[in-house]
Amino acid sequence: MARGLMAQLGMGLKPLVRVLRYEQPEDCLLVLWPTAWGAVLAQPDGVNALIGLALVVACVMLHVAARFASCVLLERGTPIANGISRSAAWTHVVVLAALALLLVAACSMQAAQWMAAAVVLAALTPWVRRHSYLAQVYASAVMSAGVLVAFVAITDEAPSAEAWLLWLAAVLWATACALWKAMATRKADEKGQRKSMAILLGETAIVAQLLILGCGYWALVMVGARAQWGASYYIGLGCALAVALWAAWQARRREPVRDRRAFHLGLLQGAIVLVALFLAQSSVPAAG
């Protein structure tokens with residue numbers, strides 16, 4: 033009986049594994065880094081490991097649910113969707129979203145309300161991806177909701193001005209990363225009649241990329257100014273900005289391999305910003 037249950041569980045997880053394999057697991061970092069940013073901003077003296085893990089897992093689950101819905105429900109006939117019924121797809125999406133909500137509710141009921149709003153927005157992602165050239169912006173706003181959810185879960189208060197600025201920075205950073213990836217897959221998207229920012233922007237994509245990143249780093253500087261952080265934070269931002277400029281230089285020839293490399297460098301920027309936030313918060317004197 034136990035063996036039969038394990039076999040059924042394995043069959044149930046197989047579609048998720050297939051989606052993750054095709055969709056590149058590193059995409060989950062677009063959710064993980066903003067969630068970690070919000071957690072560090074909310075608790076300067078160190079985040080409870082269990083709460084932090086629960087928040088990260090919940091936000092990643094929500095991201096996987098949205099991507100699963102996009103791949104399976106709206107891309108019938110593709111290698112990813114073949115062999116997966118719509119009913120099975122909806123079951124996976126609902127279960128993942130429910131688990132994400134339960135994990136956040138265990139941390140804070142107020143945060144669960146914010147997570148519920150993120151679930152509703154994530155549910156619309158597949159349709160936005162099909163019908164809008166700005167799907168990457170919308171998806172980035174949803175993925176960056178981890179900043180606000182983490183802040184509310186840890187403080188049990190409404191997001192502060194700094195949290196909203198950090199969310200804006202996360203949206204712009206994630207949009208920039210998504211644009212690099214869209215540039216790498218532009219020809220495939222055109223062939224498959226899919227919409228993306230890279231197709232909309234055409235030859236001006238790199239210029240737009242630099243403008244997006246510039247606005248994102250302005251938002252990060254504003255966070256530091258409001259929080260009155262020291263030099264370590266701005267040094268960290270400088271390192272991240274240097275990586276961003278190197279990524280743009282790498283992608284100047286508009287080759288898919290170089291665009292993909294720029295995408296990975298964008299993910300590295302997220303990690304550097306997290307370190308900068310941690311150093312800034314560590315240097316803040318403890319209250320009392």
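Be aware that the sequence shown starts at 33, since it is given in my numbering, and climbs by one per residue.
Just so you know, even glycine gets a beta-carbon here, dropped at the ideal spot from N, CA and C.
Hey, residue i and residue j: beta-carbon distance below 8 Å or not?
i, j, result
"W281", "L297", "no"
"A210", "S176", "no"
"A167", "K227", "yes"
"A148", "V174", "no"
"M229", "A216", "no"
"L204", "C271", "no"
"R258", "A193", "yes"
"A202", "W69", "yes"
"I244", "A208", "yes"
"L306", "E58", "no"
"W196", "F295", "no"
"I186", "A74", "yes"
Residue i lies in the alpha helix (DSSP H); which residues open and close that run?
i, result
"S314", "288-314"
"S172", "167-175"
"E235", "Unbroken run through E235: none, as it is neither H nor E."
"R285", "R285 -> no alpha helix (DSSP H), and no H or E assigned at all."
"P191", "Note, P191: premise wrong, no alpha helix (DSSP H); not H, not E."
"R218", "218-223"
"L156", "Where L156 is concerned, there is no enclosing alpha helix (DSSP H), given that its DSSP letter is neither H nor E."
"G262", "Per DSSP, G262 belongs to no alpha helix (DSSP H) and is neither H nor E."
Got a sec? Which residues, its chain only, sit under 8 Å from residue i by beta carbon, not counting five neighbours each side?
i, result
"G256", "Y265, Y266, L269, A312"
"V287", "With the sequence shown as reference, residue 287 is identified as Glu, and Val is not the correct amino acid for it. So the list is empty, once near-sequence residues are dropped."
Can you find the residues in the same chain that come closer than 7 Å, C-beta to C-beta, to residue i, ignoring five residues on each side of it along the sequence?
i, result
"L200", "A251"
"Q142", "V184, D188"
"Y165", "K227, S228, M229, I231, L232"
"L242", "A280"
What's the call for residue i, buried or exposed, on a 16-neighbour Cβ count within 10 Å?
i, result
"R161", "buried"
"L309", "buried"
"V72", "buried"
"V325", "Because the chain in this structure spans residues 33 to 320, residue 325 falls outside the shown range and cannot be described."
"G178", "buried"
"G224", "exposed"
"T236", "exposed"
"A206", "buried"
"R53", "Confidence is the limiting factor: at R53 the pLDDT is only 47, short of 50, which leaves the residue's position unreliable, though a coordinate-based value still follows. Exposed is the call here."
"S315", "exposed"
"A144", "buried"
"L156", "exposed"
For residue i, collect the residues of the same chain with a Cβ closer than 6 Å to its Cβ; drop the 5 residues on either side in sequence, then sort them by chain order.
i, result
"R290", "Q282, A283"
"A240", "L233"
"P191", "L180, F183"
"G302", "W65"
"P111", "Unreliable placement is indicated for P111, whose pLDDT of 46 sits below 50; the coordinate value is still reported in the next sentence. Excluding positions up to five away in sequence, the list is empty."
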